[in-house]
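Numbering (my numbering), first residue to last: 118 to 169. Worksheet: one structure, shown below.
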């Protein structure tokens with residue numbers, strides 16, 4: 118099996134969040150940053166923030 122060398126973590130655009138009243142969850146970029154910190158010594162990590 119081939120070793121994973123690069124990981125891309127994405128934070129989605131939440132512009133729709135305020136308009137969709139049935140959505141009961143909200144993503145926090147802090148969680149993605151924690152995950153990136155945990156794996157950065159093993160793989161190359163990129164974070165894409167589509168919020169801005």
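Glycine included, every Cβ here is placed at the ideal spot set by N, Cα and C.
In the three-state reduction of the DSSP assignment, residue 151 falls in the helix class, which pools H, G and I.
Taking the Cα positions, residue 165 is about 5 angstroms away from residue 127. The three-state secondary structure of residue 156, taken from DSSP, is helix.
If the five residues before and after residue 152 are omitted, its C-beta is found closer than 7 angstroms to the C-beta atoms of 126, all from its own chain and listed in chain order. Inter-residue distance for residue 120 and residue 167 is about 28 angstroms (C-alpha atoms, whole angstroms).
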